[in-house]
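Chemist:
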Amino acid sequence: MYSGSFVAMITPFKNGKLDEQKIAELTEYHIRNGTNGLVPCGTTGEAVTLSDEEHLRVVQIVIETARGRVPVVAGTGTNSTDKTIKLTRAVAKLGADAALVVTPYYNKPTQEGLYLHYKAINDAVDLPIVAYNVPGRTSVNMVAETTVRISRLRNVVAVKEAAGSTDQVSAIIGAAGPDFAVMSGDDSMTLPFLALGATGVISVVANIAPAATSELVKAFQAGNLARARELHYKLFDLVRAMFIETNPIPVKTAAGLLGLCSDEMRLPLCPLSEANLAKLKTALDRCPLVQPLAV
58 MYSGSFVAMI TPFKNGKLDE QKIAELTEYH IRNGTNGLVP CGTTGEAVTL
108 SDEEHLRVVQ IVIETARGRV PVVAGTGTNS TDKTIKLTRA VAKLGADAAL
158 VVTPYYNKPT QEGLYLHYKA INDAVDLPIV AYNVPGRTSV NMVAETTVRI
208 SRLRNVVAVK EAAGSTDQVS AIIGAAGPDF AVMSGDDSMT LPFLALGATG
258 VISVVANIAP AATSELVKAF QAGNLARARE LHYKLFDLVR AMFIETNPIP
308 VKTAAGLLGL CSDEMRLPLC PLSEANLAKL KTALDRCPLV QPLAV
């Protein structure tokens with residue numbers, strides 16, 4: 058199940074509110090273009106700016122629109138273990154296939170605290186959990202030993218690994234066993250991580266190039282390394298452009314330029330600078346793999 062290209066979905070807004078029609082349209086867009094799984098309400102979905110009601114409404118729309126055609130892994134991670142448990146229980150009731158649970162941010166827990174956080178969620182909710190390690194956002198790196206330790210918890214089935222370390226991924230895959238999935242959390246590392254044994258990616262660039270991102274993973278898994286490498290390099294400059302400012306500012310801007318949805322974001326995120334907007338437009342113009350909504 059945790060294999061292929063999963064998209065870290067943007068959350069469309071219109072005049073400060075959820076754009077429910079666009080959420081449904083983007084869900085269909087991804088399924089139509091080969092995305093293997095949908096991940097609403099993560100970092101890219103601006104989850105920390107959503108009210109609890111909005112958060113659950115986004116997840117509900119994605120689940121109802123997907124209708125079981127692809128798995129929905131709903132973001133529920135916060136820096137409060139209790140709140141994370143409550144959100145995870147709520148998305149389970151809505152019918153989510155799994156929960157994406159980021160390591161607690163701002164608190165800066167120890168490795169033991171990280172383990173106890175995931176254990177508490179594991180023990181409280183009967184839903185598969187995809188852990189999410191992104192030290193650039195959280196200020197704490199969940200080291201390989203801790204990831205392997207939580208992999209032995211009954212409900213922790215995968216990790217989205219965004220520390221950018223091939224050594225760390227190698228250590229996790231080497232020790233966790235074949236039943237635990239490691240997915241890249243960084244588009245530029247998808248191909249290297251696949252070569253180490255990762256099962257796929259939870260992708261930002263898939264918001265605007267879903268078919269190509271999915272094809273890259275499928276090509277590698279089919280043994281067509283030449284095609285996977287070709288797609289990696291065709292997407293590479295665009296992937297880098299997705300992070301010229303804080304995610305999801307560039308990808309939300311790109312979505313607006315492509316007509317996928319409004320580029321509206323919630324503070325404290327703000328519009329892309331003029332200089333970086335020009336760079337983003339250049340990257341979009343040079344990449345033939347981006348897809349407008351009608352494709």
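With the first letter of the sequence shown counted as 1, position 123 gets the number 180 in our numbering; the numbers rise by one all the way through.
Ideal placement from N, C-alpha and C gives every residue a C-beta, glycine not left out.
#1: So, at 6 Å on beta carbons, what are the nonlocal neighbours of residue 237 in its own chain, with the 5 sequence-adjacent residues on each side left out?
#2: Terminal residues of the continuous beta strand (DSSP E) containing residue 157?
#3: In terms of alpha-carbon separation, which member of 193, 112 and 199 lies closest to residue 66?
#4: What's the call for residue 283, buried or exposed, on a 16-neighbour Cβ count within 10 Å?
#5: With a Cβ-Cβ cutoff of 8 Å, do residue 86 and residue 292 count as a contact?
#6: Which residue's Cα is closest to the Cα of residue 96: 172, 160 and 156?
#7: I need the straight-line Cα distance from residue 206 to residue 288, nearest angstrom please.
#8: Specify the secondary structure class of residue 352 as computed by DSSP and reduced to three states.
#9: So who's on the other strand from residue 218, going by DSSP bridges?
#10: Specify the secondary structure class of residue 118 as computed by DSSP and reduced to three states.
#11: Thinking C-beta only, is residue 84 closer than 8 Å to residue 138?
#12: When you compare only the Cα positions, how much space is there between residue 338 and residue 64?
#13: Could you pull the start and end residues of the alpha helix (DSSP H) that residue 227 belongs to?
#14: Might you give, ordered along the chain, the residues of its own chain that have their beta carbon closer than 8 Å to the beta carbon of residue 297, omitting 5 neighbours on each side?
#15: By DSSP, does residue 200 sit in helix, in strand, or in coil?
#16: Would you call residue 318 buried or exposed, if buried means 16 or more other Cβ atoms sit within 10 Å of its Cβ?
Modeler: According to the data block:
#1: Taking the sequence shown and counting its residues from 1, the one referred to as residue 237 is at position 180. 208, listed in sequence order.
#2: Position 100 of the sequence shown, counted from the start, is the residue given in the question as residue 157. Residues 155 to 159.
#3: Residue numbering aside, residue 66 sits at position 9 when the sequence shown is read from its first letter. Comparing Cα positions, the closest option is 112.
#4: Mapped onto the sequence shown, residue 283 falls at position 226. Burial call: exposed.
#5: Along the sequence shown, read from residue 1 onward, the residue named residue 86 stands at position 29. Along the sequence shown, read from residue 1 onward, the residue named residue 292 stands at position 235. Contact flag unset, no.
#6: Position 39 of the sequence shown holds residue 96. Among 172, 160 and 156, the Cα nearest to that of residue 96 belongs to 156.
#7: Translated into positions along the sequence shown, residue 206 becomes position 149. Translated into positions along the sequence shown, residue 288 becomes position 231. Using only the alpha carbons, I get a separation of about 34 Å.
#8: Along the sequence shown, one-based indexing puts residue 352 at 295. Unreliable positioning characterises residue 352 in this predicted model, as indicated by a pLDDT of 44, which lies under 50. A coordinate reading is not provided.
#9: Indexing the sequence shown from 1 puts residue 218 at position 161. Its beta-bridge partners are 190 and 241.
#10: As a working note, residue 118 is residue 61 in the sequence shown. Helix at residue 118.
#11: Here residue 138 refers to the residue found at position 81 when the sequence shown is read from its first residue. Here residue 84 refers to the residue found at position 27 when the sequence shown is read from its first residue. Their beta carbons are not under 8 Å apart, which means residue 138 does not touch residue 84 by this criterion.
#12: Mapped onto the sequence shown, residue 338 falls at position 281. Mapped onto the sequence shown, residue 64 falls at position 7. C-alpha separation (whole angstroms): 22 Å.
#13: Start at 1 with the first residue of the sequence shown, and residue 227 comes out as number 170. 223 to 233 is the extent of the alpha helix (DSSP H) around residue 227.
#14: Walking along the sequence shown from the start, residue 297 turns up at place 240. Excluding residues within five positions, the ones whose Cβ falls inside 8 Å are 245 and 340.
#15: Position 143 of the sequence shown holds residue 200. Coil at residue 200, not helix or strand.
#16: Residue numbering aside, residue 318 sits at position 261 when the sequence shown is read from its first letter. Burial call: buried.
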